[in-house]
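As numbered in mature numbering (1 follows the signal peptide of the UniProt record, and there is no 0), residues -20 to -1, 1 to 268 make up the sequence shown, in order.
One structure below.
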Amino acid sequence: MKRLLYPALLGLALAGCAQAEKEESTAAETSPLEAAAASEPATAETTPAPLQPHKVAGLTRFPAGRSVIYHGDLRLRVDNFEQTTDRLDQLLAQHEAVLGTAHETRTDGQHQQELTIKVPPRHFLPLVSALGRLGRIEAKDIASSDATADLLAAEQAAASTRAAAAQAGQQVAAQLKPGAKPTAEAKERLSEADAARTKADEAQQRASSLRQQTQWATLNVHLYQPLAEEETAEPLPDYGPRFAAAFLRGGSVFLDVLVGLTNLWPLLALTGLGYWVVRRWRLRQPAS
């Protein structure tokens, strides 16, 4: 009896262990899914919204991959000229911009600076937005134009015209016999080939100019700060230099008089001697 009871108990124990392992594996399989489902709302809540692109009112936004020419003029009134220029230098470095020209003046009661900035097209709109926060915008003119078609047409025209000119030159060279003079027709075709090469060079220059304009956007910036009244008031006249100049002029006149008297010393000596002789003669007259 005991021999039969032990195997039965052992079988029940093994069956219980198998059931427990099955439940644990089921829980292990469902728990990652439940954890992922529970974490999805939190992830959706904590995921930041994508950054919005910089926008400028009235400016057309072109698809990526287009060759676009950007140009802008910006006039700003600032409260602190020195701090603004320091911040401007930081913005130029941040947006990979290059300062083309800069002209600073301090006239008409204003501290002014005119800048020409070259900036990559991808940084043009962010730079305009950042500069607009440096002060009060008084005028802003932004323009953009798609030059993709013009650039492609100029490059194709340059390539096709140059190829046609080269082919014409090769044909003329092949028709000419060694040592023979070119005929009138050959000269005409060579002249046409030269004209075609000239047109190809012009088209290539236009393509290069368009490519350069699409690689660097141009932004003209005018900064100014009104100066305080004490800074713009006319300075009081300095009388010290005027007194010094008058003293020097007086000394010069005195020296000129002495020089003149020195030049007249013979006349003065003769006059004095004559006066002494006449006086001696008058003194002797009553005695005689």
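No residue lacks a Cβ here, since even glycine has one placed at the ideal position from N, Cα and C.
For clarity, every value in this text was computed on a predicted model and none was experimentally measured.
| Item | Value |
| --- | --- |
| Pair within 9 Å by beta-carbon distance, T198 and S47 | no |
| Three-state secondary structure (DSSP) of G89 | coil |
| Under 9 Å between C-beta atoms of K98 and V108 | no |
| At least three beta-carbon pairs within less than 8 Å, the segment 76 to 92 to the segment 220 to 238 | no |
| Check whether L228 and G115 have beta carbons under 9 Å apart | no |
| DSSP beta-bridge partners of V201 | L54 and L95 |
| Endpoints, beta strand (DSSP E) assigned at residue 347 | For the chain, the structure presents residues -20 to 268; residue 347 sits outside this window and is missing. |
| Sub-9 Å separation of A77 and P101 beta-carbons | no |
| Spatial neighbours of T64 in its chain, beta-carbon cut-off 7 Å, leaving aside the 5 residues before and after | V58, L114, G115 and L203 |
| Neighbourhood of A123 by C-beta distance below 6 Å, restricted to the same chain and skipping five residues each side | H51 |
| Bridge partners - P246, DSSP secondary structure assignment | Answer by DSSP bridge pairing: none, since P246 is not bridged. |
| Close-in-space but distant-in-sequence residues of the same chain around A127 (CB under 8 Å, 5 per side omitted) | S47, V48, I49, L190, Q193 and T194 |
| Whole-number beta carbon distance between L72 and T117, since they are thought to touch under 8 Å | The sequence given here has Ile at residue 117, not Thr. That pair is no contact at about 18 Å. |
| Best match in D218, F104 and E182 for proximity to A139 [C-alpha to C-alpha] | E182 |
| Pair within 9 Å by beta-carbon distance, L131 and G149 | no |
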